[in-house]
Every structure is written in C-alpha cells, then in structure tokens.
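*Asks:*
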DNA sequence: GTTCTCAGTGAGAACGTTCTCACTGAAAGG
DNA sequence: CCTTTCAGTGAGAACGTTCTCACTGAGAAC
C-alpha cells in the first residue's frame, strides 16, 4: 500500500502540502496537478487509522438499540446511515437485546473505541452512562424519549399532543366511553397521558379500570383487549398505544369476528404494516385509524443534528429536543356517534 | 486521557511489557500486579486507533446489505452482531438501497476504511469488487448466494434441495398440476429449479406457462397468482418462492375468500411472520405450508466463519460454502389428494 | 561447574498521518 | 522603493501504540 511518503517522492511536493490538499485546503494549481497525478499513478488511498491517530477522529458513529428486529428501528437506521455515509461517516450498530446493563456496557465500548458520536434508544431511565459520554466530549443523541435529568439532545415525536388531538377528534365524533391498552415504556406513558388530558379537557373523567397497562413482553394484548370488550359497560372506543397492541386488536377482530366500528371503534398508535414485505394488513377494511410516526424523518434529523454536534465543540451549545410531527389518519374504524 | 506512557511511569514497568500484558502475553506475577494497579489508578483505556496503526487491525467488520428494512436481514444482523461483539469486534452497517453500483462503492469505502472483514448480500452477479477485496487480504463472506466465478466463502441455505424435498412430498400427496410464482433473484431461481427437478424426477413435466417469473419490485404477486387461479386447468398446488409472493397469496386468499386447501393448496418459501411485532398472520388457519430459513443461524455461522478467516492468513485456506438446513412444515394447506 | 535454553524484559524504531512553526515570495499599502 | 501582509510551503515533532532486537538471569542439561 502506497503511503503519503510515496506520493511525496513521486510528486516532488512535501507531505505537509499533500496532507493539506487531501484535507481540502488550497494549494497552488501546479502542486494540485502534481499531487493528483502522483495519487492517480500510485493509486494512493489515505490511511484513515493513521489519520485518526493524530486528529482523534474516526469518522464512525454508533447506533445503540434495544432490538433491531423491532420494525420501528430499521427505517430509522436506514435513513440515518444514508445521511451519515453521504457525509463520510460509518455507522456502527450495537443491539443490546433489551438488556439495560448491556446497553451501558455497549455504549462504553463504543466510547472507548473513540467513535465521533452516537444515537441511542435507551432502556435505562437514568442517563448516567450517557452523561458520562457527553462530559467526555462525545456527542450523543437520544432517540424516541427524553431523560429529564441530563442535558442531552433528543429526537422524539409529539406522543402526548398527537394522542391528545386524535382522541379529541374521536370525542367530537361522540365517543366518551373510552378504553385503552398501553405498554410499559416511556412513549406509552406519554401517549396515555395525552389521552387522559384530552378526556379531561372535554369534561370526561377517565375511568382508570378501562386503561389497562401491560408488559408487552409478558402480557397478552389480546387478553387485555378482550377484558375491555367483555366489560358490562364496554368502551365505544379503544386506544392501542403501540403496534404490538394494535396487532393484538387485529387478531381479536379476526378471532371474534368483530364488526369495526359497529361493535367497537379502534385507534392505534403506529403503523401496523411498516415493512415493505409485510404489508398484508392494509387491505383489510376498514383500516384502523392510526397515528403514524415519521420513521425516516427521525433518522434524517438524528443524522443532521449529530453531524452538527460533531462539528461544534462540546461546550458551545444548548441541548435541543427535535419533536417531529406525527400524521393522524382517522378512518371509518372510528364510528361517528353524533352528526358533525 | 492517560496513555501507556503514564502507566509506564506509574507502574515502573516498561511500555513494551505493558503492551504485551494488554495483549494477553504472559508477564511475571509482580509486574502483572504493578500494571493492573497503575491501570486501575489512572483509569487507563487502550487507544484502539494507535493500536490499529501499527497492527493494522481495526476490530471492525462490515455488513453490506441491499435493504435493512427487508425483514430477512435484521435477525441475521442481530445474531451476527452479538457474536462479533462477544469477540471484540464492531459491526459497521452499510445499506446500499438495492443499487448494485452503490454496493460496489460502499464495499470499497469499507475496504479503504481498513475493516478486518465483511459479510455481504450482493446484488451484483459479477463478484469483481469482492474478488478485489479478497485479493487485498480482506476476508469477505457471501450471504445467501453463491458467485461461481470467484473463490469466496459463503453462507447459504439449501434452496434447491429444500424445495426439491418439499415439492416431492406434495407430489406424493397426489399433486401433479403444480404452478408457481417466483422472483428475479438468485435464490428464487435455485428454488424454482428445485421444483422443476422434483417434478421431473417424479415423471411430471413442468408446464412452463404455470411457472410465472415476476419482478417483485415492479410486478404484482397477487395479479400473477390470480392468473394461475383463473386458468382453465388451474394448478392444484401453488408454490410461492419468497415471502413477498407468500404475502400476495395471503391477500388473494382473503380477497377471493379462497378455501385452503379445498380450492387450492399453497406452499411458501420463507416465514410470513418473521418479526416479533408483526405476527398477525400465524393464527389464520390453516397456516401456509412453508420452508423456513434459520436466520439467526445464518448470522451465527457468518460470524463464526468470518472470525476464523480474520485469524488465518489469507492464502492458507480454501473457500467454503456453509449450507444451512431449512425447516419444512407441511400443514393442512396442502391437500391430501391420495391416501398415503 | 559450565554451558544451553528460553521466558521475560526494555530501549528505541516504526506505523502513516496531522500539526507546529519558521520561512518564502508575491501582492498590497504607504 | 521599502515595508507589511499573508497564502502557501517543507522540515520535523507528535499522536499512542506494537514490533524488533539485543539482553538478562533462572533453571535444565551435561
């Protein structure tokens, strides 16, 4: 492999000037020609390891996730990677398998590896490990949640307001007896609080026994949806706070042969068919009303912000939260109980 | 950040010995204690960039894919990453968006980045870019396909034999009027050839007008499945050579309200519900008979083989193909036309 | 007791860049 | 015409490791 010293010999231009040229600084026209000719002739490629040693930049960034087989992440990663690659960065993938302890270890490993930045979908409610990175000058961006006790950039969607608005629209259609099944995560919590607030602001008292919290890893969404349906005073509208529960609703619909929205109206957070090769649901009519997240956008903005942070010295910015808009699609799955 | 020289001063042991200790060579007990104490005290972490400069090892490997949002890949990547991480390697993700030209560029970028190895699901039928890497001493492992003209390790499943056997079983159940819809990829080709051979070996001449090749990006699987169903002498068994087409079959079943297997028998290559949060199909009875690929295993063996190749000097091995076994599950979706 | 072996050691070169700093010479300013 | 400026230059140090090589000294072999 030819080195910059070979190019120096071949071109007759000093390695300092060659290095400058390679890093985009201006050199005289005649030197540019000489250098380019020599590089071409030798098929010289700069060695990024040697380059990184002095500059302590690796042009690699980390992506730390709980589970890449969760359909939420691939579209985000795809767009993130595309944007980072376009800017000369590589993306290192780190799946911590939903293990909060492993998450901490993985982030530390990446940090020791001298990555230039990272995005992380954390499962720890404490952000100590993240704060450590930031303090060490490593830019980190939080994905899909906030950690109130640390100063850290984040990309989220407006879970609270999205549900607040969507449920508000359903209430205006006449629904007041509202139930929900929701999961154990940060986002589920935000969403269900949006629902509560919407009800309260419309003068409806949420019935807590109709808001069922489940552990999506352990509990069955279908079973809990069934409990709502089997109540004496069963809800006219059921909100499913994530895709797992939405799919539960789909199963219940088919199993019980439910008529939607005659028997019950349904509102789901997330898209049920996210994967291009798994869209075997959208044609079942009526589609569920849903709130869909701009997954590619999340990846895009994560890349954009991270690139900015990498450029800027660590102490000269305030942490920001980029809150992206969801898209709400109320379909025939929500009954109009009153004329509008 | 403390360096090895700080540890040298603190411990009184020379940096050579410290380096040896850090790389797992034996040092005397007393030196070990001194070094460990100094490292602990200074919170020293080895700088992998500096280390990589001399040793030209980055402990990073690449994963080059056409599309990470294809549900086929995440389970593979997950297991691959887990195994590589356990062995101290990082995984760099590179999604080339189904663009063969970009694939070549991305692999070259990774190669220039001095990764230690790579796995690639190629979309190029020529392996020139891969051969270039191998010749340069960079181990590359092919995923899910073979390239006959280059000497390269690969991990595949036994597409041909899996279909050969499965179709053979269907034929023994009495099916002889067999149709198929298949895609444009290498694997589709292997599979459909397995089908052809199975028919021929049972003395049945495949009717080529019932073996419909489609471009899964452009053509509609449903439409083509419909064409088979609408034939005067329509097949008693339809083989779908991949998950996209299998989902097409699912849609057709629901749209046309087909009775399976009374109206037609179905055999699908791949699992329809691969994603943990997308299993809203398996409960529709009868499940489609299918051939499922051991995705985690693919990731595991890819990691195993790649680690081996990284250890071994490039010219001392013969390229191998690891062909993993699929699992065939013939359900009630294939009618028994004759008593067995 | 003398030689041989060999695991363990430390000094210093090497890896291939970037960075620092002093220098050059042409253009600008007086 | 003389000073000032400043973009561009090249020599050599620096980055933090690993590698090479000559050396040590304890135990084995004779």
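Protein chains in written order, with the numbering used here: chain A, 1 to 340; chain B, 341 to 680.
Cβ coordinates follow ideal geometry from the N, Cα and C atoms, glycine included.
Remember, it's a predicted structure, so these values are computed and weren't measured experimentally.
For the beta strand (DSSP E) containing residue 661 of chain B, name the first residue and the last one.
*Replies:* 661 to 664
*Asks:* List, in order along the chain, the chain B residues whose C-beta lies closer than 7 Å to that of residue 173 of chain A?
*Replies:* Per Cβ cutoff of 7 Å: no residues; residue 173 of chain A is ~26 Å from chain B at best.
*Asks:* Between residue 190 of chain A and the rest of its own chain, which residues show a CB-CB distance below 6 Å, the 5 nearest in sequence each way excluded?
*Replies:* 159, 160
*Asks:* What residues of chain B sit near residue 114 of chain A, judged by a beta carbon separation below 9 Å?
*Replies:* 387, 388, 389
*Asks:* At 4 residues or longer, and completely inside the region 411 to 451 of chain B: list those alpha helix (DSSP H) runs for me, N to C.
*Replies:* 413 to 426
*Asks:* Taking its Cβ as the centre, do 16 or more other Cβ atoms sit within 10 Å of residue 235 of chain A, making it buried, or is it exposed?
*Replies:* buried
*Asks:* Is residue 93 of chain A close to chain B, meaning its C-beta is less than 8 Å from at least one C-beta of that chain?
*Replies:* yes
*Asks:* Is the distance from the Cβ of residue 456 of chain B to the Cβ of residue 399 of chain B below 8 Å?
*Replies:* yes
*Asks:* Please return the same chain residues whose Cβ sits closer than 6 Å to the Cβ of residue 167 of chain A, not counting the five positions on each side in sequence.
*Replies:* 195, 198
*Asks:* For residue 155 of chain A, which three-state DSSP category applies?
*Replies:* strand
*Asks:* Could you check the C-alpha separation between residue 560 of chain B and residue 550 of chain B for me, to the nearest Å?
*Replies:* 16 Å
*Asks:* Using the Cα positions of residue 544 of chain B and residue 568 of chain B, report the straight-line distance between them to the nearest angstrom.
*Replies:* 18 Å
*Asks:* Short check: CB of residue 690 of chain B to CB of residue 460 of chain B, under 8 Å?
*Replies:* Because chain B spans 341 through 680 in this model, residue 690 of chain B falls outside it and cannot be assessed.
*Asks:* Step through the CB atoms of chain A and report whether any lies within less than 8 Å of the CB of residue 430 of chain B.
*Replies:* For residue 430 of chain B, the answer is yes, since a Cβ of chain A falls inside 8 Å of its Cβ.
*Asks:* Should residue 312 of chain A be flagged as near chain B, meaning a C-beta pair shorter than 8 Å?
*Replies:* no
*Asks:* When the Cα atoms are used, what is the spatial distance from residue 646 of chain B to residue 169 of chain A?
*Replies:* 55 Å
*Asks:* Checking 8 Å against the spacing of the C-beta atoms, do residue 607 of chain B and residue 629 of chain B come in under that value?
*Replies:* Their beta carbons are under 8 Å apart, which means residue 607 of chain B touches residue 629 of chain B by this criterion.
*Asks:* Please say whether residue 78 of chain A and residue 409 of chain B have beta carbons closer to each other than 8 Å?
*Replies:* A contact, by the Cβ cut-off of 8 Å.
*Asks:* So if I threshold CB-CB distances at 8 Å, which residues from the region 591 to 607 of chain B count as touching chain A?
*Replies:* 591, 594, 595
*Asks:* Is it buried or exposed for residue 380 of chain B, if we count other Cβ within 10 angstroms and need 16 for buried?
*Replies:* exposed
*Asks:* Closer than 8 Å, CB to CB, is residue 151 of chain A near chain B or not?
*Replies:* no
*Asks:* Is any beta-carbon of chain B found at less than 8 Å from that of residue 285 of chain A?
*Replies:* no
*Asks:* How far does the alpha helix (DSSP H) with residue 642 of chain B in it extend, from its first residue to its last?
*Replies:* Note, residue 642 of chain B: alpha helix (DSSP H), 635 to 651.
*Asks:* How would you write the range of the beta strand (DSSP E) that residue 317 of chain A sits in, first residue to last?
*Replies:* Counting along the chain, residue 317 of chain A falls outside any beta strand (DSSP E), and DSSP gives it neither H nor E.
*Asks:* In the DSSP assignment, the alpha helix (DSSP H) including residue 15 of chain A goes from what residue to what residue?
*Replies:* 15 to 22
*Asks:* State yes or no: is the C-beta of residue 334 of chain A within less than 8 Å of the C-beta of residue 241 of chain A?
*Replies:* no
*Asks:* So which residues on chain A does residue 414 of chain B lean against when the C-beta distance must stay under 7 Å?
*Replies:* 68, 69, 74
*Asks:* Step through the CB atoms of chain B and report whether any lies within less than 8 Å of the CB of residue 53 of chain A.
*Replies:* yes
*Asks:* If the criterion is Cβ atoms closer than 8 Å, does the pair residue 573 of chain B and residue 517 of chain B meet it?
*Replies:* yes
*Asks:* Rounded C-beta distance between residue 638 of chain B and residue 514 of chain B? I'm assuming under 8 Å.
*Replies:* 34 Å between Cβ atoms; not a contact.
*Asks:* On the criterion of 16 or more Cβ atoms from any shown chain inside 10 Å, does residue 497 of chain B qualify as buried, or is it exposed?
*Replies:* buried
*Asks:* Give the residues of chain A in contact with residue 418 of chain B, contact being defined as C-beta atoms less than 7 Å apart.
*Replies:* 68, 69, 95
*Asks:* The alpha helix (DSSP H) with residue 51 of chain A in it runs from where to where?
*Replies:* 48 to 55
*Asks:* Considering just the uninterrupted stretch of the alpha helix (DSSP H) at residue 612 of chain B, what are its terminal residues?
*Replies:* Premise fails: residue 612 of chain B is in no alpha helix (DSSP H) and is neither H nor E.
*Asks:* Residues of chain B with CB closer than 9 Å to the CB of residue 81 of chain A, please, in chain order.
*Replies:* 408, 433, 434, 435
*Asks:* Would you say residue 58 of chain A lies against chain B (beta-carbon separation less than 8 Å)?
*Replies:* With 8 Å as the cut-off, residue 58 of chain A counts as an interface residue toward chain B.
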